[in-house]
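> Residue numbers (the working numbering), protein chains in the order written: chain A, 16 to 257; chain Y, 156 to 391. For every residue, glycine included, the Cβ atom is placed at its ideal position computed from N, Cα and C.
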Amino acid sequence: MRDTTSMLPLIVRDLRLEMDGRTLLDVPFARIQNRQRNVILGPNGAGKSLFLKTCHGLIPPTSGRIEYTLPVSATEVRRKQAMVFQKPVMLRRSVRANFTHALAMAGVGWYERRRIADETMAQFGLSGLADSPARVLSGGEQQRLAIARAASLGPDLLFLDEPTSSLDPTASRQIEDMLDVLHERGVTLVLTTHDLGLARRFADVIFFFHNGRLIEESDAERFFTQPETEEAKAFLEHRLFW
Amino acid sequence: MQQDAIPISSILSLLTGDGGNFLGIILLSLQVTITAVTCAGLVGLPLGAGLALVRFPGRTVIIVLVNTMMGFPPVVAGLAIFLLLSRSGPLGDLGLLFTPKAMMIAQFVLVLPIIVALTRQTIEDLWTEYQDHMTSLGAGRLRSIPTLLWDARFSLVTTLLAGLGRASAEVGAILIVGGNIAGFTRTMTTSIALETSKGDLPLAMALGVVLMSLTLVINSLAFGISRVGARFSGKS
Numbered sequence: 016m017r018d019t020t021s022m023l024p025l026i027v028r029d030l031r032l033e034m035d036g037r038t039l040l041d042v043p044f045a046r047i048q049n050r051q052r053n054v055i056l057g058p059n060g061a062g063k064s065l066f067l068k069t070c071h072g073l074i075p076p077t078s079g080r081i082e083y084t085l086p087v088s089a090t091e092v093r094r095k096q097a098m099v100f101q102k103p104v105m106l107r108r109s110v111r112a113n114f115t116h117a118l119a120m121a122g123v124g125w126y127e128r129r130r131i132a133d134e135t136m137a138q139f140g141l142s143g144l145a146d147s148p149a150r151v152l153s154g155g156e157q158q159r160l161a162i163a164r165a166a167s168l169g170p171d172l173l174f175l176d177e178p179t180s181s182l183d184p185t186a187s188r189q190i191e192d193m194l195d196v197l198h199e200r201g202v203t204l205v206l207t208t209h210d211l212g213l214a215r216r217f218a219d220v221i222f223f224f225h226n227g228r229l230i231e232e233s234d235a236e237r238f239f240t241q242p243e244t245e246e247a248k249a250f251l252e253h254r255l256f257w
Numbered sequence: 156m157q158q159d160a161i162p163i164s165s166i167l168s169l170l171t172g173d174g175g176n177f178l179g180i181i182l183l184s185l186q187v188t189i190t191a192v193t194c195a196g197l198v199g200l201p202l203g204a205g206l207a208l209v210r211f212p213g214r215t216v217i218i219v220l221v222n223t224m225m226g227f228p229p230v231v232a233g234l235a236i237f238l239l240l241s242r243s244g245p246l247g248d249l250g251l252l253f254t255p256k257a258m259m260i261a262q263f264v265l266v267l268p269i270i271v272a273l274t275r276q277t278i279e280d281l282w283t284e285y286q287d288h289m290t291s292l293g294a295g296r297l298r299s300i301p302t303l304l305w306d307a308r309f310s311l312v313t314t315l316l317a318g319l320g321r322a323s324a325e326v327g328a329i330l331i332v333g334g335n336i337a338g339f340t341r342t343m344t345t346s347i348a349l350e351t352s353k354g355d356l357p358l359a360m361a362l363g364v365v366l367m368s369l370t371l372v373i374n375s376l377a378f379g380i381s382r383v384g385a386r387f388s389g390k391s
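#1: Assuming T370/Y and A359/Y make a contact with CB atoms under 8 Å, what is their CB distance in whole Å?
#2: Taking the DSSP output, what are the residues bridged to I81/A?
#3: Quick one: Cα of I331/Y to Cα of V230/Y, how far?
#4: By the three-class DSSP mapping on this structure, what secondary structure does Q157/Y have?
#5: Quick one: measure Cβ to Cβ for A207/Y and E284/Y, integer angstroms, because I've assumed they're closer than 8 Å.
#6: Quick check on A61/A: buried or exposed, where buried means 16 or more other Cβ atoms within 10 Å of its Cβ?
#7: Does V205/A get closer than 7 Å to chain Y when you measure Cβ to Cβ?
#8: Along the segment 69–98 of chain A, what residues have a CB closer than 9 Å to any CB found in chain Y?
#9: What separation, rounded to the nearest whole angstrom, lies between the Cα atoms of F238/A and I221/A?
#10: For L25/A and T69/A, which I take to be in contact (beta-carbon distance under 8 Å), what is that distance rounded to the nearest angstrom?
#11: Three-state secondary structure (DSSP) at R164/A?
#12: Any contact of the segment 315–322 of chain Y with the segment 191–206 of chain Y, i.e. 3+ C-beta pairs under 8 Å?
#13: Looking at the unbroken beta strand (DSSP E) that takes in A45/A, where does it start and where does it end?
#14: To test your reading of the DSSP string, which unbroken beta strand (DSSP E) runs of 3 or more residues are found completely within the segment 194–256 of chain A?
#15: Please tell me whether T290/Y has its Cβ less than 7 Å away from any Cβ of chain A.
#16: Would you mind telling me which residues of chain Y sit closer than 7 Å to M120/A, beta carbon to beta carbon, in chain order?
#17: Name the residues in the segment 97–116 of chain A whose C-beta lies less than 8 Å from a C-beta of chain Y; which are they?
#18: By Cβ distance below 6 Å, which residues in the same chain neighbour R17/A in space, the five residues on each side in sequence not counted?
#19: So the candidates are D248/Y, P268/Y, L183/Y; which of them puts its Cα closest to the Cα of I217/Y?
#20: Among G295/Y, T340/Y, G203/Y, whose alpha-carbon lies nearest the alpha-carbon of T254/Y?
#21: For N113/A, report the span of its beta strand (DSSP E) as first-last.
#22: Between D287/Y and chain A, is any beta-carbon pair separated by less than 7 Å?
#23: Can you give me the C-alpha to C-alpha distance between R129/A and T115/A, rounded to a whole angstrom?
#24: L194/A to T190/Y, Cα distance in whole Å?
#25: For the beta strand (DSSP E) that contains D176/A, what are its first and last residues?
#26: Please tell me whether G154/A and S181/A are closer than 7 Å, where the distance is taken between their beta carbons.
#27: Tell me the DSSP secondary structure of Q96/A in three-state form.
#28: Identify the residues that DSSP records as bridge partners of L32/A: which are they?
#29: Classify L178/Y as buried or exposed, calling it buried when 16 or more other Cβ atoms lie within 10 Å of its own Cβ.
#30: Please return the same chain residues whose Cβ sits closer than 6 Å to the Cβ of L85/A, not counting the five positions on each side in sequence.
#31: Measuring alpha carbon to alpha carbon, tell me which residue in S167/A, D146/A, V54/A is nearest E215/A.
#32: At what residues does the beta strand (DSSP E) containing R52/A begin and finish?
#33: Whole-angstrom Cβ separation of L304/Y and L200/Y, contact assumed at under 8 Å?
#34: Going straight from the alpha carbon of I329/Y to that of N374/Y, what length do you get?
#35: Check whether chain A comes within 7 Å of D306/Y, counting only Cβ atoms and requiring the distance to be less than that.
#36: Please name the residue, chosen from A247/A, A112/A, H225/A, that lies closest to A235/A on a Cα-to-Cα basis.
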């Protein structure tokens, strides 16, 4: 059943991104459903990150449309979504100040910022690090901070670019736990990964990209048992496919 | 006879000896330099950040001009300000020529391009790192300026020190617009120039040693403070 208060599903139509005459992204149609765990799979250079950044509005597409179900203003669209980057951007400030800065940019008042920051840090086990400089944290801690910081903004839709790519198994596990918490809270998640294990455990829907094209969009279970395309089969069997 | 090569005795006798004159020179130098650099920082930091982030036609030309101005010959700057402030010049009515204020203006003009140019470079580099994050938060380029200036604060200390270096070492411009009037617009560098040409080398050397020591102290302090600060905020 569709949640009538949500701006999702997000529908992508005829999206193309070209640069210097090369087509980097070609997505005829894609639908990101409300409250689903969407995983974007594909080999390196398949256009996964570009797709994410274009959907998030960081890169203007050459042509095509990104539509939301509810008629919402550009500001509102911006406020209701957040993104965590592959290399988390850590401001040269304390962990707490990283939260309050993001909340300030989102227009949250002074007292409210501190309250939300402290609450979010407590939820995700970052309270002990509140006064540490963000840039001396370990890779896993930085990634947790980046995700918690995005979550503190209260988004409906959260994009994550390779959230576990450079982390050890323990840190990856912690990130997955955080994502589970966000999913239970009703946040729609869209993440890219080339970690098949993560995709198997986590995904509701798989978007498979190859050479900039979205060539398969299907239910996760079906994708892993009966992939439709040769490319997807090859990817799942760790075969090279050019 | 004052033939000793080590001017320490001269410095001591000067500092303890003939009253406030010597101390007055040092204080005036500090006052002029620090005022000029502070004002140039207040104007130059936001201006440099703006130049780094805001796209407008002619931006590249301005960047090249500002970079060129970093090497502006101080005597030429002095001459230009002299003409502006002289009795018959456009700003002559203000009566600023041959006052400490005129020297502050001259140093401000010389320091500003250094601060603008170095700030622009620093902020532009930091923006490439922060751009996605700030855009994702809905903050445009203009709204990102305070964030970037604050996060670049430790690099910007070095920028201010470069400005301070130029100001405190400068003699040509302040000599022209200040006039090197004893007890009023005489600074350490102008005294050194004067005493050297008069042949009073011990006094000139003593002043030189004091000037260098002060510069060393200021730089050490600033370096120490920014090091400690950088460690606390974990800048790599």
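Based on what the coordinates show:
#1: Here residue 370/Y corresponds to residue number 215 of the second sequence, with the count starting at 1. Here residue 359/Y corresponds to residue number 204 of the second sequence, with the count starting at 1. Incorrect: roughly 17 Å between the Cβ atoms, too far for contact.
#2: Here residue 81/A is taken as the residue at index 66 of the first sequence, counted from 1. According to DSSP, which records beta bridges pairwise, I81/A is partnered with V27/A.
#3: The residue labelled residue 331/Y in the question sits at position 176 within the second sequence. The residue labelled residue 230/Y in the question sits at position 75 within the second sequence. Taking the straight line from one Cα to the other gives about 7 Å.
#4: Position 2 of the second sequence holds residue 157/Y. For Q157/Y, the predicted structure reports a pLDDT of 47, less than 50, and the residue's modelled location is therefore unreliable. The matter cannot be settled from this model.
#5: Reading the second sequence from its first residue, position 52 is the one you call residue 207/Y. Reading the second sequence from its first residue, position 129 is the one you call residue 284/Y. Their Cβ separation, rounded to whole angstroms, is 13 Å, which puts A207/Y and E284/Y out of contact at 8 Å.
#6: Along the first sequence, one-based indexing puts residue 61/A at 46. Buried: at least 16 other Cβ atoms inside 10 Å.
#7: Within the first sequence, residue 205/A is the residue found at index 190, counting from 1. Taking Cβ atoms only, chain Y never reaches closer than 7 Å to V205/A, which makes this a no.
#8: H71, G72, L73, T90, R93, R94, Q96, A97, M98
#9: To locate residue 238/A, count along the first sequence from 1; it is residue 223. To locate residue 221/A, count along the first sequence from 1; it is residue 206. Looking at the two C-alpha atoms, the distance is approximately 7 Å.
#10: On the first sequence, position 10 is the one that residue 25/A refers to. On the first sequence, position 54 is the one that residue 69/A refers to. Contact flag wrong, Cβ pair sits at about 12 Å.
#11: Numbered from 1 along the first sequence, position 149 holds the residue referred to as residue 164/A. Here R164/A sits in helix by DSSP.
#12: yes
#13: Within the first sequence, residue 45/A is the residue found at index 30, counting from 1. 37–47 is the extent of the beta strand (DSSP E) around A45/A.
#14: 203–207, 220–225, 228–234
#15: Taking the second sequence and counting its residues from 1, one reaches residue 290/Y at position 135. Yes - at least one Cβ of chain A is within 7 Å of the one on T290/Y.
#16: Counting from 1 along the first sequence, the entry for residue 120/A is found at position 105. Correct list: L292, G293, A294.
#17: A97, M98, F100, V104, L106, R107, R108, S109, H116
#18: Reading the first sequence from its first residue, position 2 is the one you call residue 17/A. Any reading at R17/A needs caution, since the residue's pLDDT is 49, under 50, leaving its predicted position unreliable; the model's value is listed next. So the list is empty, once near-sequence residues are dropped.
#19: Sequence index remark: in the second sequence, residue 217/Y carries index 62 (1-based). Among D248/Y, P268/Y, L183/Y, the Cα nearest to that of I217/Y belongs to P268/Y.
#20: The residue you call residue 254/Y lines up with position 99 of the second sequence. If we check each option's Cα against that of T254/Y, T340/Y comes out closest.
#21: Locating residue 113/A in the first sequence gives position 98, counting from the first residue. Premise fails: N113/A lies in the alpha helix (DSSP H), 110–120, not in any beta strand (DSSP E).
#22: On the second sequence, position 132 is the one that residue 287/Y refers to. At least one chain A Cβ lies under 7 Å of D287/Y.
#23: As a working mapping, residue 129/A is identified with position 114 in the first sequence. As a working mapping, residue 115/A is identified with position 100 in the first sequence. Approximately 6 Å between the Cα atoms of the pair.
#24: Here residue 194/A refers to the residue found at position 179 when the first sequence is read from its first residue. Here residue 190/Y refers to the residue found at position 35 when the second sequence is read from its first residue. Spanning the two alpha carbons is a distance of roughly 53 Å.
#25: Counted from its first residue, the first sequence places residue 176/A at position 161. Counting along the chain, the beta strand (DSSP E) containing D176/A begins and ends at 172–176.
#26: As a first step, residue 154/A must be located in the first sequence, where it is residue number 139. As a first step, residue 181/A must be located in the first sequence, where it is residue number 166. Yes, they are a contact pair.
#27: Translated into positions along the first sequence, residue 96/A becomes position 81. Note: Q96/A maps to strand in three-state DSSP.
#28: By 1-based counting over the first sequence, the position of residue 32/A is 17. Note: L32/A sits in a beta bridge opposite L40/A.
#29: Position 23 of the second sequence, counted from the first residue, corresponds to residue 178/Y. So L178/Y ends up on the exposed side.
#30: Residue numbering aside, residue 85/A sits at position 70 when the first sequence is read from its first letter. Excluding residues within five positions, the ones whose Cβ falls inside 6 Å are M22.
#31: Here residue 215/A refers to the residue found at position 200 when the first sequence is read from its first residue. Here residue 215/A is Arg; the residue named in the question, Glu, does not match the sequence. When only C-alpha atoms are compared, the closest one is V54/A.
#32: For the purposes of this step, residue 52/A is taken as the residue at position 37 of the first sequence. Per DSSP, R52/A belongs to the beta strand (DSSP E) from 52–56.
#33: Translated into the one-based positions of the second sequence, residue 304/Y becomes position 149. Translated into the one-based positions of the second sequence, residue 200/Y becomes position 45. L304/Y to L200/Y, Cβ: 6 Å. Contact.
#34: In the second sequence, counting from the first residue as 1, residue 329/Y sits at position 174. In the second sequence, counting from the first residue as 1, residue 374/Y sits at position 219. Using only the alpha carbons, I get a separation of about 22 Å.
#35: For this step, residue 306/Y is matched to residue 151 along the second sequence. With 7 Å as the cut-off, D306/Y counts as an interface residue toward chain A.
#36: Against the first sequence, residue 235/A aligns to sequence position 220. Per the Cα distances, A247/A.
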